[in-house]
Structures are given as C-alpha cells and as structure tokens.
Amino acid sequence: MIGNSRWHWATGQPGALHTWSDVPGQGGSGDVTGWAAVGPVPAPVPWPAEGRLDTAEVPLARMPSWLGVDRALVGWRAWQRSETAVLVADGGTALSLTRVDADGGFAGGRLMAGARLQLRALQAGTAGLPALDLPPVLAAQPWPQATAEAMASGVLRGLAAAVAQAGREALAEDPRCRLWITGGDGPLLAPLVRELVADSSLVVECDPALALEALAALRPGPDR
C-alpha cells in the first residue's frame with residue numbers, strides 16, 4: 243500500500259499478516275501479488291499493473307467514485323468482520339472517519355489533519371515549538387510540563403476526543419454500531435478513545451492493519 247508519507251507492506255494471509263512500514267521506495271522484496279496507492283505512484287511502477295486494486299473494485303455498496311481506496315478498504319473490512327454498522331477511524335497522515343451502515347453501504351465520514359501533520363504545523367507556525375515526532379507510547383501523565391510532551395499529548399488527546407465524539411454520534415444513529423481504530427497511530431489513539439467512551443455501550447476495536455488485511459483478501463496470493 244503506497245500511502246501519503248510511507249509505504250506499508252504485508253506478507254501472509256488475512257488474520258495472520260506480518261506487516262511493516264518504510265519510507266517510500268524501500269521495504270519490499272520478492273513478488274507483489276496486490277497493491278494499491280493513496281499517495282504518489284513512482285515511475286516506472288515497480289509492480290504489475292494488473293495487481294493494482296482501485297477503489298471501484300472494493301465491494302463496498304453505494305460508494306462514490308471519489309472515495310480514497312484506503313477509506314474504502316478499511317470501511318469494507320471492518321464491516322465484513324463486524325457484520326453490523328461501523329465507524330472506522332484511520333490514523334495516518336490524515337485522520338479519516340468512514341461510516342458504513344449495517345447493509346455494507348458507504349454512509350459518509352469526516353477528514354482532519356493527522357497527528358504528525360498537526361505537529362509539523364505547530365512547529366512551522368510558531369517561533370518557539372520544536373520539530374517533533376510521536377512517541378511510541380503516550381505517557382500516562384495527562385498534563386505534561388515539558389513542551390514536546392505537551393505537544394504530543396495535546397494533539398493525540400484532541401484527535402482521540404474527535405474520534406470518541408464521532409463514535410458517540412454514530413452509536414446514537416445505530417445502537418449496534420462498532421468503532422474501529424486503524425492506521426499507524428491506531429495503537430496510540432485506541433486507549434485514549436476507550437477511556438473517553440467508557441461510560442457508553444460503544445464497542446471499540448483496534449487493528450492497525452485493516453487496509454492491508456482488506457488488500458490481502460481482495461488480491462490473494464497464488465496459494466489461495
């Protein structure tokens with residue numbers, strides 16, 4: 243999967259994937275049986291054109307032609323695994339929220355800047371804030387004193403609050419709706435979101451590899 247800022251790889255079968263991410267142009271070896279692209283496609287494309295999966299090939303009902311393939315993949319896979327209405331929060335370069343109704347049809351969503359984009363904007367738009375990447379684990383301290391920790395905590399908790407509110411709204415429309423959290427920032431966001439919705443009946447699932455699982459299911463290897 244060619245993302246906006248990283249390339250994402252997987253080997254194995256859905257449910258038992260080995261996944262990793264790398265900077266563009268690195269990380270892959272051997273034959274690629276299926277691929278999709280959200281970000282810029284390198285020229286020449288290093289993989290067979292017939293292996294590329296486009297949005298129109300994702301079996302998500304009532305899907306508009308402009309929907310990004312990443313949103314289509316995660317929405318379809320979460321609905322397939324839940325067999326009920328879902329809201330999928332995909333934490334990558336952008337944070338996308340994608341709703342799928344109980345019948346497996348696209349039901350709209352939301353988009354906002356992801357964590358790293360927000361951190362870069364803070365550094366670029368101020369005189370005193372540092373360049374910062376996200377920590378692998380968010381400190382339990384909710385009110386950090388150090389500037390870098392305060393930036394990371396503020397951005398992640400802000401995103402988690404947006405996801406939690408969207409989950410509550412989706413649950414109000416369909417009491418069977420489940421919230422799925424995926425993407426590279428999923429493991430950082432999931433515990434914060436669970437804390438915010440603990441007083442509700444909202445079920446929160448976390449699988450960072452939903453898009454790759456969907457791609458593997460729709461572009462299976464030769465042994466399947």
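My numbering numbers the first residue of the sequence shown as 243 and each following residue consecutively. The beta carbon of each residue, even a glycine, is placed where N, CA and C say it ideally should be.
For I423, which residues of its own chain have a beta-carbon under 6 Å away from its beta-carbon, when the five flanking residues on both sides are left out? Counting from 1 along the sequence shown, the entry for residue 423 is found at position 181. These residues qualify, in order along the chain: A331, L431, A432, C448.
Would you mind reading off the limits of the beta strand (DSSP E) that contains V445? Indexing the sequence shown from 1 puts residue 445 at position 203. Start and end: 445 to 448.
Quick one: using the 10 Å Cβ neighbour count with 16 as the cut-off for buried, is R466 buried or exposed? One-based indexing of the sequence shown puts residue 466 at position 224. Here R466 scores only 47 on pLDDT, less than 50, and its place in the model is too uncertain to base an answer on.
What is the DSSP secondary structure of S324, reduced to helix, strand or coil? Here residue 324 corresponds to residue number 82 of the sequence shown, with the count starting at 1. S324 falls in the helix class under three-state DSSP.
Skipping 5 residues on each side, what residues in its chain have a beta carbon closer than 6 Å to that of T340? Position 98 of the sequence shown, counted from the start, is the residue given in the question as residue 340. Answer for T340: R313, G317, V330, G351, listed in chain order.
Residues bridged to R294 by DSSP? Mapped onto the sequence shown, residue 294 falls at position 52. Checking the DSSP bridge columns, you'll see R294 partnered with W277.
Among the candidates F348, A408, W262, whose CA atom is the shortest distance from the CA of L444? Along the sequence shown, read from residue 1 onward, the residue named residue 444 stands at position 202. In terms of Cα proximity to L444, the closest of F348, A408, W262 is A408.
Using 8 Å as the threshold, is the stretch 293 to 310 in touch with the stretch 342 to 361, meaning 3 or more CB pairs across them? Touching, per the Cβ criterion.
Jot down the residue ranges of each uninterrupted alpha helix (DSSP H) in the stretch 332 to 394, minimum 4 residues, whole runs only, in chain order. Secondary structure within the stretch 332 to 394: the alpha helix (DSSP H) runs of 4 or more consecutive residues, fully enclosed, are 357 to 366 (chain order).
Identify, in the order they occur along the chain, each residue of the same chain with its Cβ nearer than 8 Å to the Cβ of G254, setting aside the five sequence neighbours on each side. Here residue 254 refers to the residue found at position 12 when the sequence shown is read from its first residue. Cβ contact annotation for G254 (same chain, cutoff 8 Å, sequence separation greater than five): H260, A458, in chain order.
Among F348, R399, D273, A285, nearest to L309 - alpha-carbon criterion: Along the sequence shown, one-based indexing puts residue 309 at 67. Nearest C-alpha to L309: F348.
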